[in-house]
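Student:
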Amino acid sequence: MTVTTNSSSFDWKFSLKLAFLYILAKLKFVHGWLPETLREQLPTGWNNQMFWVAFKSGGKIVYFDYCCRLKEPKSYKPIVSVAPEFQLTEEQIRSFYENGYLGPFNLVPSEDMEDLRQYLINSLVKTESKCFSFTAGDYELDTTTKDYSLIPWSKEITEDYKKHFPNAINQVNRHLDDEQLLNLFNHPAITERAAQLLEPDLLLWRTKFFEILPGLATKLHQASRFLENLQESLITPEDNESLYQLTCWIALTDASKENGCMTIFPGTHKEIYPINLGEVTQDWMNNLYNGRDSKIDYPGKLPQPHYIEMKAGQFFLFTERVIHGSVENKTNKSRWGLNGRIATTSTRIYTKKMLEECYRNKYTKVNIKLDKWRAVLLRGEDRFGYNRYTEK
Numbered sequence: 003m004t005v006t007t008n009s010s011s012f013d014w015k016f017s018l019k020l021a022f023l024y025i026l027a028k029l030k031f032v033h034g035w036l037p038e039t040l041r042e043q044l045p046t047g048w049n050n051q052m053f054w055v056a057f058k059s060g061g062k063i064v065y066f067d068y069c070c071r072l073k074e075p076k077s078y079k080p081i082v083s084v085a086p087e088f089q090l091t092e093e094q095i096r097s098f099y100e101n102g103y104l105g106p107f108n109l110v111p112s113e114d115m116e117d118l119r120q121y122l123i124n125s126l127v128k129t130e131s132k133c134f135s136f137t138a139g140d141y142e143l144d145t146t147t148k149d150y151s152l153i154p155w156s157k158e159i160t161e162d163y164k165k166h167f168p169n170a171i172n173q174v175n176r177h178l179d180d181e182q183l184l185n186l187f188n189h190p191a192i193t194e195r196a197a198q199l200l201e202p203d204l205l206l207w208r209t210k211f212f213e214i215l216p217g218l219a220t221k222l223h224q225a226s227r228f229l230e231n232l233q234e235s236l237i238t239p240e241d242n243e244s245l246y247q248l249t250c251w252i253a254l255t256d257a258s259k260e261n262g263c264m265t266i267f268p269g270t271h272k273e274i275y276p277i278n279l280g281e282v283t284q285d286w287m288n289n290l291y292n293g294r295d296s297k298i299d300y301p302g303k304l305p306q307p308h309y310i311e312m313k314a315g316q317f318f319l320f321t322e323r324v325i326h327g328s329v330e331n332k333t334n335k336s337r338w339g340l341n342g343r344i345a346t347t348s349t350r351i352y353t354k355k356m357l358e359e360c361y362r363n364k365y366t367k368v369n370i371k372l373d374k375w376r377a378v379l380l381r382g383e384d385r386f387g388y389n390r391y392t393e394k
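My numbering applies: residue 3 is where the sequence shown begins, and numbers increase by one.
(1) Does the Cβ of Glu358 have 16 or more other Cβ atoms within 10 Å, making it buried, or fewer, making it exposed?
(2) On the CB-based measure, 16 or more other CB atoms within 10 Å of its CB, does Asp162 come out buried or exposed?
(3) Quick one: what's Asn341 bridged to in DSSP?
(4) Comparing alpha-carbon positions, which option in Cys70, Ile95, Asn341 lies nearest Val82?
(5) If we count Cβ pairs, one from each stretch, closer than 8 Å, do we get three or more for the region 253-272 versus the region 318-333?
(6) Are at least three pairs of beta-carbons, each pair with one atom in the region 60-76 and one in the region 184-193, less than 8 Å apart?
(7) I need the DSSP call for Thr4, collapsed to helix, strand or coil.
(8) If you drop the 5 nearest sequence neighbours on each side, which residues of the same chain put their C-beta closer than 8 Å to that of Leu372?
(9) On a CA-only basis, which of Thr249, Ala257, Leu206 is nearest Ala225? Give me that one, please.
(10) Compute the distance between the beta-carbons of Arg119 and Trp338, then report whether it is under 8 Å.
(11) At 3 residues or longer, what runs of the beta strand (DSSP E) sit wholly inside the region 8-71?
(12) By DSSP's criteria, Ala257 is part of a beta bridge. Which residues make up the other side?
(13) Applying the criterion that 16 or more other CB atoms from any shown protein chain within 10 Å of the CB defines a buried residue, is Pro301 buried or exposed?
(14) From His271, Lys332, Asp295, pick the residue whose C-alpha is nearest to that of Pro305; which is it?
(15) With a threshold of 6 Å on Cβ separation, who are the neighbours of Arg227 within its own chain once the five nearest residues in sequence on each side are excluded?
(16) Report yes if the C-beta distance between Asn172 and Glu130 is below 8 Å; otherwise report no.
(17) Curious, which full-length beta strand (DSSP E) runs of at least 3 residues does the region 90-136 contain?
(18) For Pro239, which residues in the same chain have their Cβ closer than 6 Å to its Cβ, ignoring the five residues on either side in sequence?
(19) Compute the Euclidean distance between the alpha carbons of Lys259 and Phe88, then round it to the nearest angstrom.
(20) From this set, His223, Gly47, Glu113, which residue's C-alpha is nearest Gly327's C-alpha?
(21) For the alpha helix (DSSP H) holding Lys335, just list the boundary residues, first then last.
(22) With a threshold of 8 Å, are at least 3 pairs of Cβ atoms found where one atom belongs to the region 133-147 and the other to the region 95-113?
(23) Got a sec? Which residues, its chain only, sit under 6 Å from Thr193 by beta carbon, not counting five neighbours each side?
(24) Who are Phe318's beta bridge partners in DSSP?
(25) Could you tell me if Ala377 is buried or exposed, where buried requires 16 or more neighbouring beta carbons within 10 angstroms of its beta carbon?
(26) Is it true that the CB of Lys313 sits closer than 8 Å to the CB of Asp256?
(27) What span of residues does the beta strand (DSSP E) with Glu194 cover, start to end?
(28) What's the gap between the Cα of Asp180 and the Cα of Pro111?
(29) Quick check on Cys69 - is its C-beta less than 8 Å from some C-beta in chain D?
(30) Taking the alpha carbon of Gly280 as the point to measure from, which residue in Asn363, Ile63, Ile370 has its own alpha carbon closest?
(31) Closer than 6 Å by C-beta to Phe22: which residues in its own chain qualify, once you throw out the five before and the five after it? Chain order, please.
(32) Grouping DSSP H, G and I as helix and E and B as strand, with all else coil, what is Leu184?
(33) Ile370 lies in the alpha helix (DSSP H); which residues open and close that run?
(34) Just to confirm before moving on: does the CB-CB distance between Ser336 and Pro216 stay below 8 Å?
(35) Throw me the rounded Cβ distance for the Pro276 and Asp241 pair, which I believe falls under 8 Å.
In structure tokens, the structure reads:
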């Protein structure tokens, strides 16, 4: 990959500091003696490519997720045999590896989804999460701690952000509170298709509601291991270059080009690309790159996008490695979707430190306790013991 820099504004101070921190990050035996303010800056989850791109750009181009490639499978045959109505063909699986997604497929009749949507949106997400409860002290906004991160974040937490953040976190992991929501992802239309792409043993580790308000869109992004604090990844697979996770995206309302449907750039999932950092903003509504007006440093011109138009009650499967986002909602009503991240049971979710202490999400400036978090075993069994699960 070629990374260009502007020598007249090159930040040598950043690059020299990064070199020192990267070397120190590799010397794990000394980490216990380091002050917390220094440990907070160590890029412990970076690889050499991530370091080199950030170093030679003076911090202007940085990976916001773990740099890796996706290798092709040895065969496009389904990994497992399932009921005929859910069986994928070799051509469908080949299409997934070419484009980065598959679907849409039918899940719930539209008329039934409308009743469920009314319950989920007008009732469930308006209540406080049991998993991440502010009342119970499960999270706190990081308003007092100085930002010691290597890459500068948003300048401050605004009153507007404080007001809206509880609503945002109440849209995360509600499957741990609600059986109706969990049953959507337990449906064989989802689990049996996911198993043919991943493996027979599957877990669900995160769900989230997505509302696209009138006039808004979602910036283009991609993810592999979710390096959300720019230090270490949330998940650790057996093989970084294998397909170890899928995201299932369910339409709660119709999704079209007019109201903000998902858009995917086919073929861009073969590699994770760095981010060309822009100016710091206070855009809490679209805070993908730590509150900075940034874009993916993709070499050349992006391929023609695929617009994933869907009826309410349909879903599609995709790898978040693919560059994706949503188009602007040009209507006067919100577009609602729901996604769930499905991983192989050989994938470790969260680090030991995150589970035992807290997870500091520097994207959103929040410290979250994970005491109540559990993975859900969707299919098969766990033969590894890396993760903790909900009780059956």
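A virtual CB, placed ideally from N, CA and C, is assigned to each residue, including glycine.
The structure presented is a predicted model; accordingly, all values stated were derived computationally and were not measured.
Tutor: To lay it out plainly:
(1) exposed
(2) exposed
(3) Lys210, Trp251
(4) Ile95
(5) yes
(6) no
(7) Note that Thr4 scores a pLDDT of 44, beneath 50, so its modelled location is shaky; the value from the coordinates is reported in the next line. DSSP places Thr4 in coil when its eight states are reduced to three.
(8) Tyr352, Met356, Leu357, Cys360, Tyr361
(9) Thr249
(10) yes
(11) none
(12) Met312
(13) exposed
(14) His271
(15) Tyr68, Ser235, Ile237
(16) yes
(17) 103-108
(18) Tyr246, Thr349
(19) 28 Å
(20) His223
(21) Taken as a continuous stretch (DSSP letters only), Lys335 belongs to no alpha helix (DSSP H), as it is neither H nor E.
(22) no
(23) Leu380, Arg381
(24) Trp251
(25) buried
(26) yes
(27) Not the beta strand (DSSP E): Glu194 falls in the alpha helix (DSSP H), residues 190-199.
(28) 20 Å
(29) Absence of chain D from the displayed structure is noted, only one protein chain being present.
(30) Ile63
(31) none
(32) helix
(33) First-last for Ile370: 368-370, but that is the beta strand (DSSP E), not the alpha helix (DSSP H).
(34) yes
(35) With 8 Å as the limit, Pro276 and Asp241 do not qualify as a contact, their Cβ atoms being about 22 Å apart.
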